[in-house]
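One rule links them: number in the numbering used here = place in the sequence shown (from 1) + 15. Step one of this worksheet: look at the structure below.
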Amino acid sequence: MVGESSQQPLTFNGNRFKITNNCTVMVFYLTLWHRWKSLSKAEKVTVGIWLLVTILMVIKSITNPSNSTVSDEYLLGATRWLAKDDLYSGPVGFLYLPQFAFLYSVFTPFPLWASEALWRITQLLVMLLGLVAFSRLMEKPGENSFVPLLTVAVICISTASFRNGQANIMMLGLLLLSTVSLVHKQWNRSALFMTLGLIVKPTFIVYYLLAGVLNRPLYWRLPVGLLAALLIPMLFQGSTYVLEQHQNFIVMLEQAVRYGENGAKLTWAHFFAIFPQITGFSVSSEAQQLTRLVMALLTLATAWYASRKYPRVMAGYYIYALATCYLMLFNPRNETNDYALLSVAIGYWIAVSKHRFHDLKYHIFCWFFVVGFVASKYIVMLTPGMWAWWKPVMGVFFTIFLLQRLFSQVEIGPVSKARYY
């Protein structure tokens, strides 16, 4: 009857009960309580840590919304989108696809502090979904949860990104969700996450191409995703404006790459920025481009090798980690805060060394990478005015470690079962 609570019969121990809407809510809370009780002490502490991070982000957004933030650039792009103005102003400012301005426009009706807080919370939720899914994927039956140690690695390396509201937090979550979906052969879901990743940050293209080449079922799904991403904004702002902004995006991208190669080197945190910051020697743009091309082919070959040598779970990890290492070292616009994308790749070895290898020395060694990234702000004091060179050095160290693990690890499945695609 209209106006009455819907009721559903429930059988429990041979007895039939009627569950009202209020009772359904009670069952929901009891389920949450049961789940909370089942968590280990470390997992409960982890929940508390993420709640604290959320509270601190909200407080920052309320008390100081206009400082230590990059969200103002996102908001500017969204405002220009709604006004049908040009989104781009050269190699600085808004450096994202038009679709990102379209998506971020949902935050424009709110006051500045609220839009800052909602954006950070949205990013955090996506990242946590990816973190938990990735942890469950990588854990073996009976092992302790990897989430607590992954959390420590993420927070230590990504603090500035959380504070600034940078999109690399959401990109990290989409990288992890894409990896999990690919391992489980959830092709449509993978294409969705990868398309969203490209929209959130164009540098997602490295993983997008690498995973796309190695997974044949994505050959048609990814183009369909891109087509949908192109057409949907046209329903709101028309085809002429949307296509014009894509043309402007390409022009901006070319300018941004040249600016990263030839502009001021003191703040970039890629491989070629190491040399001018500590030796005064600059690598030419031509040499940088050639090196990036060669390393891209080597990264593809290494990822293909991993997809043949390892079972799907480890192959998925290596493809994510290799793509991220390449991005950190050879993106001409890479910044220090972008190394947040490596945090889970590093945290995995911290968790494995403790919960699977049970090797204290190896566990301490793996913490070296986290400590190295955290110590960056102090180490660069050795070179006043040039403060971005240490993180790419740590990126090189971790890449060497990753390759050593990839080519020497003995936990291999039969070749016939180890293919990634």
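Beta carbons are placed, not taken as given, at the ideal position from N, Cα and C, and that holds for glycine. Quick caveat, the model's predicted, so the values are computed rather than measured.
Check: C-alpha gap between F32 and E350, whole angstroms; Outcome: Low confidence applies here, because F32 scores a pLDDT of 48, under 50, leaving its location unreliable; read the following figure in that light. Straight-line Cα distance between these residues: approximately 59 Å.
Check: Beta-carbon gap between F122 and L133 smaller than 8 Å; Outcome: yes
Check: Beta-carbon proximity list for C340, same chain, < 6 Å, skipping 5 on both sides; Outcome: T414
Check: Cβ pair count under 8 Å reaching 3, the stretch 166 to 185 against the stretch 303 to 322; Outcome: no
Check: CB contact flag (Y332, M72, <8 Å); Outcome: no
Check: Neighbour-count burial assignment, G400, 16 or more Cβ in a 10 Å radius; Outcome: exposed
Check: Exposure label - S423; buried when at least 16 CB within 10 Å; Outcome: exposed
Check: Unbroken alpha helix (DSSP H) run spanning K369, endpoints; Outcome: 358 to 370
Check: Residues near S193 in its chain [Cβ-Cβ closer than 6 Å; skip 5 each side]; Outcome: S205, F208, M209
Check: Inter-stretch contact at 8 Å, needing at least 3 Cβ pairs: the stretch 406 to 413 / the stretch 280 to 293; Outcome: yes
Check: CA-to-CA distance, P217 to Y111, given in whole angstroms; Outcome: 6 Å
Check: Euclidean distance between Cα positions of Q419 and R273; Outcome: 33 Å
Check: Collapsed DSSP secondary structure at M401 in the structure displayed; Outcome: coil
Check: The stretch 176 to 190 touching the stretch 136 to 154, judged by at least three CB pairs closer than 8 Å; Outcome: yes
Check: Where V359 falls, given that 16 or more other Cβ within 10 Å makes a residue buried; Outcome: buried
Check: Candidates F125, L67, W96: closest to P80 by CA position; Outcome: F125
Check: Test item: CB-CB of E276 and Q303 under 8 Å; Outcome: yes
Check: Under 8 Å between C-beta atoms of A182 and V228; Outcome: no
Check: The alpha helix (DSSP H) enclosing N277, as first and last residue numbers; Outcome: 254 to 277
Check: Where the alpha helix (DSSP H) through E158 begins and ends; Outcome: Per DSSP, E158 belongs to no alpha helix (DSSP H) and is neither H nor E.
Check: Own chain partners of I293 with C-beta closer than 8 Å, once the 5 adjacent residues on each side are dropped; Outcome: T398, M401, W404
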